[in-house]
């Protein structure tokens, strides 16, 4: 240790170099700071504006005859400003070095105040004001904590988890209820505060205890002579509490059946130390102490949960801090006292709650809660297990620094109003966190596909010579993310095919590749348009039943033509029935009945899929429904059609065909953004405008197309209206899991139980 470190409790050797590209990102555009200083950790927050590239499409004028062979639209790269929140966590030992770094790199800010919370805010007030020339404005700690908790529960789908010791994945993530209130927050710091939260601004401290983290630390130090909190927990993780604690069987020789007490239940914490004539190990005493404190807190939490009739109980504070040994003992205690009726819930970003809340207090004039925010996986560290055997790689990732980034989304996101039960809706079909074989297979697939993604990224920007260098940086970053997820699949919540795809999109955007498939989509759209009128004419020559089947075949065939699928000329490929999941006969019978009021169609690929599949289907759709809403991605993902592209395509097709033209003019055909920028689909995070259209049009049919939207996600989604899920399975592993073969067809028409019953064929269940 340097002499400087010996003489200062909060500074460290200035020779340490902080990697700004990894930690204090975009600091030159930072504004609005907040800081939360605890006993050993500092959490810093700031808001910045990030300039990044977006791909824009603009329609050409096709009124002149000689433009017939020109591209339908042009693609341009433009700069846009994105609002981003940065949260950084580090040990207090780094605080002076970090403040110096911020001072040296802070350029474009008009900020005069830094919001502060936490017990250390007063201690470091003078240092902060001296270094940053900002006035420290202290905020109430509990208010900040609640505001931060509300924010992460509302904006991060897999924020809450239960802890399961010794499971393949320790962390089992829970769906956040659409209405996050009311809940109980048990904050375990030096003592314990129990807060009942009823709304954004309504909460009260309903109870607490002086026996908390400080008690464990203080008594632990006296018993073991160990002064560091983390070292105490490390000792506890190696100890055997039964050496110190008196159990029921130590008193009665076994269980106490008439009272329902098992023999291995603790009858008296530290009970054996009063009579045993021996020395107890530090590890055993630390474990006994941890059980004593945790059981006391757990019982207290259960009593207050029952008193206020609450089932959502979140735990946080210094005592928790993501430590497996504390989460396990709290979980055990809650399960015991409630007989499994209440689960102990922990938060992935628990350590940031105070600083998020302090930041939100300082930004109230901008009303950040009016927006939806999304975690930027490219700039966030992810959850890290502190188990010593689990993550040697990630613990050395950036020393003791930890980061979270949240991007402000263009659209406010809400639930699809047609979800049967939003609180139980799970978008993803397979949780790779809990399926080791599936996890390894998909991680391998994404690693193998990386070369192709890099090539397409470079090819999408042929006029930019530095594109190759940026693409290599993307490769390095995404490969590192995949390696992290191999060791820690819980880093960003439940690991799924969707999250792997989204992480890749985030990394591509990080290095200014907003749409690597833009030129491929443009070429495929132009090609498909040339065959549109011929395809429509051939449909008109068919009988009604022949036409229905031809339309479905067209949709399925178009779905196969997405980039990366095997050649459709493969001899295995066929759309002849019977299919793997085949309820086509029931669908055909339904079409002979009363028309639907409105269908919501989540579309998939560009080119043949959207033009010769979906658009052709529109002709027949208007014979058995009044309104049709086409929902497409708000931003690019793979070769999926975006809303901007679909607007241009529809305008061109309407000029070619009177049926489409009439539907557009009469507002029977509506194009809306889904709010998504993913090849998959989360029906709990959709554009608020789309949800409004669904209600206004009294939508009674939802159609979901494509492997990403209907197989990787929403295969088991239950809706309150009729639904139709269609896809060709273009992955042999997934086909095998569903009991089929490569290019198996899923045609899944479903009617909710409360509607008119329909006899459906057997639908295979994905093995867990």
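Numbering (the working numbering), first residue to last: 3 to 770. C-beta: ideal position from N, C-alpha, C; glycine also. The structure displayed is predicted, hence computed values, not measured ones.
Best match in the options for proximity to residue i [C-alpha to C-alpha]
{"i": "residue 411", "options": "694, 366, 678 and 60", "result": "678"}
{"i": "residue 649", "options": "608, 180 and 177", "result": "608"}
{"i": "residue 409", "options": "41, 40 and 54", "result": "54"}
{"i": "residue 47", "options": "407, 628 and 314", "result": "407"}
{"i": "residue 97", "options": "148, 40, 150 and 49", "result": "40"}
{"i": "residue 579", "options": "745, 342, 308 and 213", "result": "745"}
{"i": "residue 498", "options": "480, 546, 430 and 466", "result": "430"}
{"i": "residue 210", "options": "529, 222, 200 and 196", "result": "196"}
{"i": "residue 558", "options": "581, 101 and 540", "result": "581"}
{"i": "residue 432", "options": "529, 502 and 81", "result": "502"}
{"i": "residue 30", "options": "93, 61, 113 and 94", "result": "113"}
Range of the contiguous beta strand (DSSP E) that encloses residue i
{"i": "residue 640", "result": "Element bounds for residue 640: n/a, residue is neither H nor E."}
{"i": "residue 182", "result": "It is not in any beta strand (DSSP E) - residue 182 carries neither H nor E in the DSSP assignment."}
{"i": "residue 285", "result": "Taken as a continuous stretch (DSSP letters only), residue 285 belongs to no beta strand (DSSP E), being part of the alpha helix (DSSP H) at 284-309."}
{"i": "residue 600", "result": "598-604"}
{"i": "residue 550", "result": "No beta strand (DSSP E) holds residue 550; the alpha helix (DSSP H) holding it covers 546-562."}
{"i": "residue 634", "result": "627-634"}
{"i": "residue 404", "result": "404-410"}
{"i": "residue 725", "result": "724-730"}
Residue i and residue j closer than 8 angstroms at C-beta
{"i": "residue 36", "j": "residue 357", "result": "yes"}
{"i": "residue 1", "j": "residue 521", "result": "Residue 1 lies beyond the stretch modelled for the chain, which goes from 3 to 770, so this question has no answer here."}
{"i": "residue 618", "j": "residue 363", "result": "no"}
{"i": "residue 157", "j": "residue 202", "result": "no"}
{"i": "residue 190", "j": "residue 321", "result": "yes"}
{"i": "residue 699", "j": "residue 626", "result": "no"}
{"i": "residue 59", "j": "residue 514", "result": "no"}
{"i": "residue 146", "j": "residue 384", "result": "no"}
{"i": "residue 508", "j": "residue 380", "result": "yes"}
{"i": "residue 488", "j": "residue 445", "result": "yes"}
{"i": "residue 701", "j": "residue 420", "result": "yes"}
{"i": "residue 732", "j": "residue 583", "result": "no"}
{"i": "residue 221", "j": "residue 228", "result": "no"}
Simplified DSSP assignment, three categories, for residue i
{"i": "residue 140", "result": "strand"}
{"i": "residue 379", "result": "helix"}
{"i": "residue 613", "result": "helix"}
{"i": "residue 451", "result": "coil"}
{"i": "residue 373", "result": "coil"}
{"i": "residue 386", "result": "coil"}
{"i": "residue 175", "result": "strand"}
{"i": "residue 366", "result": "helix"}
{"i": "residue 342", "result": "coil"}
{"i": "residue 228", "result": "coil"}
{"i": "residue 738", "result": "helix"}
{"i": "residue 252", "result": "helix"}
{"i": "residue 351", "result": "coil"}
{"i": "residue 719", "result": "coil"}
{"i": "residue 618", "result": "helix"}
{"i": "residue 690", "result": "helix"}
{"i": "residue 233", "result": "helix"}
{"i": "residue 61", "result": "strand"}
Alpha helix (DSSP H) segment containing residue i, residue limits
{"i": "residue 98", "result": "97-107"}
{"i": "residue 122", "result": "Careful: residue 122 lies outside any alpha helix (DSSP H) and carries neither H nor E."}
{"i": "residue 661", "result": "660-667"}
{"i": "residue 318", "result": "No alpha helix (DSSP H) holds residue 318; the beta strand (DSSP E) holding it covers 314-318."}
{"i": "residue 480", "result": "469-489"}
{"i": "residue 504", "result": "499-512"}
{"i": "residue 132", "result": "127-134"}
{"i": "residue 586", "result": "586-593"}
{"i": "residue 34", "result": "That residue, residue 34, is in no alpha helix (DSSP H); its beta strand (DSSP E) goes 32-39."}
{"i": "residue 525", "result": "520-532"}
Test: residue i CB closer than 8 angstroms to a CB of chain B
{"i": "residue 592", "result": "You won't find chain B in this structure, because it holds only one protein chain."}
Would you call the stretch 688-697 in contact with the stretch 707-723, where contact means no fewer than 3 C-beta pairs closer than 8 angstroms? no
Across the stretch 654-663 and the stretch 612-625, are there enough close Cβ pairs to call them in contact, namely three or more that are closer than 8 angstroms? yes
Between the stretch 160-170 and the stretch 330-347, are three or more C-beta pairs nearer than 8 angstroms? Counting Cβ pairs under 8 angstroms, three or more are found: they touch.
Hey, is the stretch 263-281 in contact with the stretch 340-360, meaning 3+ C-beta pairs nearer than 8 angstroms? no
Three-pair Cβ contact test at 8 angstroms for the stretch 585-595 versus the stretch 546-554: Inter-segment contact for the stretch 585-595 and the stretch 546-554 is present: three or more beta-carbon pairs are separated by less than 8 angstroms.
Examine the Cβ distances between the stretch 93-112 and the stretch 131-151 and report whether three or more of them are shorter than 8 angstroms. yes
Pairs of beta-carbons, one from the stretch 74-88 and one from the stretch 110-125, closer than 8 angstroms: are there three or more? Touching, no.
For the 8 angstroms Cβ check, are there 3 or more pairs between the stretch 204-220 and the stretch 269-281? no
Pairs of beta-carbons, one from the stretch 278-289 and one from the stretch 170-180, closer than 8 angstroms: are there three or more? In the pairwise beta carbon analysis, the stretch 278-289 is classified as not touching the stretch 170-180: fewer than three pairs are separated by under 8 angstroms.
Do the stretch 243-256 and the stretch 289-306 meet, that is, are 3 or more Cβ pairs less than 8 angstroms apart? Taking 8 angstroms as the limit for Cβ pairs, the verdict is that the stretch 289-306 does touch the stretch 243-256.
Decide if the stretch 723-730 is in contact with the stretch 496-515; the criterion is three or more beta carbon pairs, one per stretch, under 8 angstroms apart. no
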